[in-house]
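Student: The structure is given below, and queries will be raised subsequently.
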Amino acid sequence: MAGAFALALAVLSGPVLVAASGTAAFGSVVEAVPDAANANERPVVRAVLAGVTSGPVEDVVSARMAGLPEAGELVVTRRPIGYLDFAAQPEVVVSNPATGATSVAVPFSASGAVDGLVPTTEGVGGTGVWVPDVVASELGVGPGDEVAYSINYREAGLRATEAGLRETVVEVAGVYATIEGDAVPVDGTGVWADLADQLPPWPIGSGRETPQVPLLVADRAVFEQLVAEVGEVGLTVWQVGLAAVAIEEAERLAAAAERLDREAFDPTGNLRTMIDDASEGMASLEVFTGIDRLVEQGRRARAETADGVSSVRVIGVGVSALVVVLAGLASAWRRRDERQALLDAGRSPVQLAALAAVESLVVVGVGTALAVVALPWFVSGIVGVAGPALSVAAIGGVVAVSVGLLAATSGVQAWRVSRAYSGRAEESVRRLPWRVVVVAVGVVIAVPVLLDDERGFSTGAALFPVAVLAAAAVGVGELFRTAASAVRRVWSPGRLVARLLVARSSRDRAVAAAVMATTMAFGAVAYTTLSAEAVAEASEDKATAQAGSNATVRIPTATLLDDGAADAAGVPEASTVVWRLPLMQVDEERAGLLAVTPEAFLDGALWSPRYGTDDPVALMGALTAGTGGFLPVVTEAARAVVPDRGVLTRNGFEDVPYEVVGRVAALPGGFDDRPTLLVDAASLFERGGPSASPLGDVFESDDPDGVFVTEVWSTRPIGELVADLRAADVPFDEPTTLAGALAQPTLLARGWTVDYLLAFAAVAAVLGLVIVVGTSLRDRARRRLQTRALVDLGHRGRTMGWVNVLEVTLIGVAGTAAGALLARPVVAVIADRLDPLPTQAPALTVGAGTAVVAAAAVAFVVAATAASALAGLVPARTSINEALRDE
């Protein structure tokens, strides 16, 4: 049953795992997208239309957006944009007509926005605007009162046709609560959190009293009335998300969004014609979505997972098939008397094979059924998604394969027994040089992998450790037997237990074979454990090196954070400013520059212990300790292109002499395609180095690689960093996160592939236990005559049981120790194949997982010993006559 279960799981899990990996990868990349990202980077479809207040046009667009396949709930937001017309110098005022008190607020409307407010007073119902508590307090108004909303256009602007004051009066429908210290509404239903990136900004020239401008929240009809009566220009945004986070559904939604975008720009289409008629050709519907990009990442992860899984599946199927064969042999051996009687009665090996097939149907069926039931949990445990359902044909095929293997095993064993009388079967088996065959096959598989410079987890790379471990295990088994023979020659223990243990280890080839099998089985466990830990560490290190920190954003200039940023003034907590210059020249070689404030960089960047420095503080201190006019530089050790001393040049001018004061394996936020130079920003700017104009400014240049990019890195979550920047009125874009770097298709696929391999390593461990314990049981039965004779001579039966148990313990200790020792160099040899991003620093290293391997070795030995001891509890009451007859 166990063999059928393992084989069914190995055969059936591959396609299901690959199918599930696409959705799992898509879900990972979707989850990693920051909420502050632009619409063309997020898992949404957003349509934007400005300057059109035609009801029919909005209704048509609403219907089209709501009808997109696989789309979630439609959210429509409306906000004014005319008050942001700098040329018109608008002044926005909301006032109490009865008292003349004034404040500032901007109209806003969105699906579910009113329902999401938390009222501070009982509303009057009906139409009107909801006023924030901070504005209501300033104006002295409440539900049922009136407020005046006005815009004074001081000049004729881009959108206002003429200057002048325009005002309208509207009733107050209610007063809503706002977050303390801000004007953002208290979120009663969760809708306002989703609207955070669509809230209008403060009017031009208004004094900011809160991070968010107060909002006059209204329904569609009231909003359109306000906009029309003050000559405003409205901006309408339609947005839908995914109804379900599944890659197939996302593909359909992305395709539909692309069709809508094409239709919106088709001059012959009805939609474009309606918009042109309503706006006199001045407006257009723009469609944005990041779903297509996210879907492409999911596809890439699925393709790379398929490559890795197909390689690992060969091993899984092979090991599982071996378990089925061993189960068939064990069954045949257990029923050897019955089978011998059938052969004596004239039954042929073919008939016995057919009988075994019929008898195994129930056991195989149950094992396969259990595998089918366990498959969703198995796949979900690796990728987090259960995957599609199995077909009946696939399940039936697996049952047929398992039954066929058991029938073939039974038939071959019966054929051997039928020839045993002549001695030909035993002699032919002894003549078979299976050890030589194992070593030869191992060499044939391993050599091409060693000679091939190709990187990647191919079938050859998957089979390489199996081949090497198998070949080495043959040597380990022979070495064990040789060592035992040497011990026997120089030591003759007095105690019977030790004497029998040494004699069996030195003379019995079955013991050496068990050591060999244990070495290979546990070697596979150790290899996969070390590989999984190494890949996990490498993925985290490479993602951290790419991202630099937990959260990163770009800002126009560091001066927005206060008067300069060389002293980190005004920088959010646990954050740092980094000036990035992609294009430098180091002695005429291309390089990238990171200018930082060393002390702040320690707080805002993420450092891995595998970056090649145990003391980042000392490393940062070296950046400010330059001598002899040289600019101190820290760079990557793998980048030999950077000499110890040289000259930094940007666009052929402003030469700055530098000196390398430290080399590390990787730098946080380093460049992928060129050497990275880390320097102290103040030291660079003091020397009049590249881009030494006002600190942190982005320079006008036709060459995007020749511009300093100002970034803010933070070890805090992206949401907290964004909130701080918004509160400080610092514009930002391109938010990136460590979670996004970890969700790269290659890293996801390699991690899942190794986890899949780890699952079958567990099967290999079980196989090793079966072989060890099976050898013990077989030897116990085979040595019944010896055991009975020793008992008749006065030795206790318990002593013989201890010999069997200690023999299993010795096999387990020798095999696990050898397997663990062999696994580490095997992983080291193919580290480039395991490395998910071999061209990116830092390189994969083999170090972690040793404790896990040691714990697994102890568990393996204890399990084998316990199984042997439990098997020995069943007394073997065999008379001397019965033992002689069996012999």
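Per our numbering, residue 27 is the first one in the sequence shown, and the count goes up by one each step.
Backbone N, C-alpha and C fix where the C-beta goes; we use that ideal spot for every residue, glycine too.
1. Output the boundary residues of the beta strand (DSSP E) element that contains I744.
2. Just the Cα atoms here: how many angstroms apart are A487 and D141?
3. What residue ranges within the segment 154-205 form continuous alpha helix (DSSP H) runs of no fewer than 4 residues, ordered along the chain?
4. Just grab the DSSP bridge partners of M546 for me.
5. Are the CB atoms of D159 and V198 nearer to each other than 9 Å?
6. Below 8 Å, is the gap between the Cβ of V389 and the nearest heavy atom of the ligand GTP?
7. Under a three-way DSSP split, which group does S121 fall into?
8. Between T153 and D245, what straight-line distance do the alpha-carbon atoms span, to the nearest angstrom?
9. Could you check which residue in P402, V429, M546 has the C-alpha nearest to that of V465?
10. Tell me whether the beta-carbon of A571 lies closer than 9 Å to the beta-carbon of Q770.
11. Pick out the complete beta strand (DSSP E) segments inside the segment 628-689, 3 residues or longer, and give them in chain order.
12. Does DSSP classify F291 as helix, strand or coil?
13. Give me the Cβ distance between A280 and A34, rounded to the nearest whole Å; I'm assuming they're in contact under 8 Å.
14. Let me check one thing: in DSSP terms, what residues is G618 bridge-paired to?
15. Which residue from D706, V256, T315, V411 puts its Cα closest to that of R68?
16. Mind reading off the beta-carbon distance from V259 to G77? Whole number of angstroms is fine, and I expect it under 8 Å.
17. Kindly indicate which three-state DSSP category P375 falls into: helix, strand or coil?
18. So what does DSSP say about G722, is it helix, strand or coil?
19. Give me, in chain order, the residues of the same chain whose beta-carbon lies closer than 7 Å to that of R325; leave out the 5 immediate sequence neighbours on both sides.
20. In angstroms with no decimal places, state the Cα-to-Cα distance between F656 and P683.
21. Which partner residues of G260 appear in the DSSP bridge assignment?
22. Alpha carbon to alpha carbon, what distance is there between V392 and L863?
23. At the level of alpha carbons, what is the spacing between D589 and L704?
24. Give the C-beta separation of L628 and V643 to the nearest angstrom, bearing in mind that I take them to be a contact with Cβ-Cβ under 8 Å.
25. Which residue's Cα is closest to the Cα of D213: T146, E566, G647, M91?
26. If you follow the beta strand (DSSP E) that V313 is in, where does it begin and where does it stop?
27. Excluding the 5 residues preceding and the 5 following L432 in the sequence, name in chain order all residues of the same chain whose CB lies nearer than 6 Å to its CB.
28. When the Cα of A970 is compared with those of A272, V494, R278, which residue comes out closest?
29. Just list the residues that DSSP pairs D759 with in beta bridges.
30. Where do the N-terminal and C-terminal ends of the alpha helix (DSSP H) with S436 fall, by residue?
31. Along the chain, where does the alpha helix (DSSP H) containing F249 start, and where does it finish?
32. Sort V132, L110, A754, Y109 by Cα distance to V120 and report the nearest one.
33. Taking the DSSP output, what are the residues bridged to Q611?
34. Have a look at A749, A869, V831 and flag the residue whose alpha-carbon is nearest the alpha-carbon of A893.
35. Does the separation of the CB atoms of A558 and L870 fall below 9 Å?
36. Identify which residue in V157, V597, P635, G638 has its Cα closest to the Cα of L751.
Tutor: For this structure:
1. That residue, I744, is in no beta strand (DSSP E); its alpha helix (DSSP H) goes 744-753.
2. Linking A487 to D141 through their CA atoms gives a straight-line distance of about 59 Å.
3. Those alpha helix (DSSP H) runs which fall completely within the segment 154-205 and span 4+ residues are 159-165.
4. Under DSSP, M546 takes part in no beta bridge, so it has no partner.
5. No, Cβ-Cβ distance for D159 and V198 is not below 9 Å.
6. What this structure holds is no ligand at all, so the ligand GTP is not there to describe.
7. S121: strand per DSSP, three-state reduction.
8. Roughly 8 Å separates the two Cα atoms.
9. It is M546.
10. In this structure, A571 lies away from Q770, with their beta-carbon atoms at least 9 Å apart.
11. Counting only runs of at least 3 residues, the segment 628-689 fully encloses the following beta strand (DSSP E) elements, listed from N- to C-terminal order: 657-662, 671-676.
12. Note: F291 maps to coil in three-state DSSP.
13. Taking C-beta atoms under 8 Å as the contact rule, A280 and A34 fail to qualify, at a distance of about 36 Å.
14. According to DSSP, which records beta bridges pairwise, G618 is partnered with T702.
15. Taking only the C-alpha atoms, the option nearest R68 is T315.
16. The Cβ separation is near 5 Å, so the contact holds.
17. Three-state result, P375: helix.
18. In this prediction, G722 has a pLDDT of 39, which is less than 50 and means its spatial position is unreliable; nothing more can be read from the coordinates.
19. Only G48 meet the Cβ criterion.
20. F656 and P683 have their alpha carbons spaced roughly 5 Å apart.
21. Answer by DSSP bridge pairing, in chain order: P106.
22. Going from the Cα of L863 to the Cα of V392 covers about 42 Å.
23. The predicted model places D589 with a pLDDT of 41, which falls under 50 and marks its position as unreliable, so this point remains unresolved.
24. Between V643 and L628 the Cβ distance is about 6 Å, and since that is below 8 Å, they are a contact.
25. For D213, the nearest C-alpha among the options comes from T146.
26. Where V313 is concerned, the enclosing beta strand (DSSP E) stretches over 312-315.
27. Within the same chain, G354, A382, S386 come within 6 Å of L432 by CB-CB distance, once the 5 residues on both sides are set aside.
28. Residue 970 is absent from the structure shown; the chain starts at 27 and stops at 913.
29. DSSP lists R580 as partners of D759.
30. Annotation for S436: the continuous alpha helix (DSSP H) segment containing it runs 418-444.
31. Looking at the DSSP string, the run of the alpha helix (DSSP H) that includes F249 is 246-255.
32. Shortest Cα-Cα distance from V120 to any of V132, L110, A754, Y109 involves V132.
33. Note: Q611 sits in a beta bridge opposite R616, T675.
34. For the set A749, A869, V831, the Cα lying nearest the Cα of A893 is the one of V831.
35. At the C-beta level, A558 and L870 stay beyond 9 Å of one another.
36. With distances taken between Cα atoms, L751 lies closest to V597.
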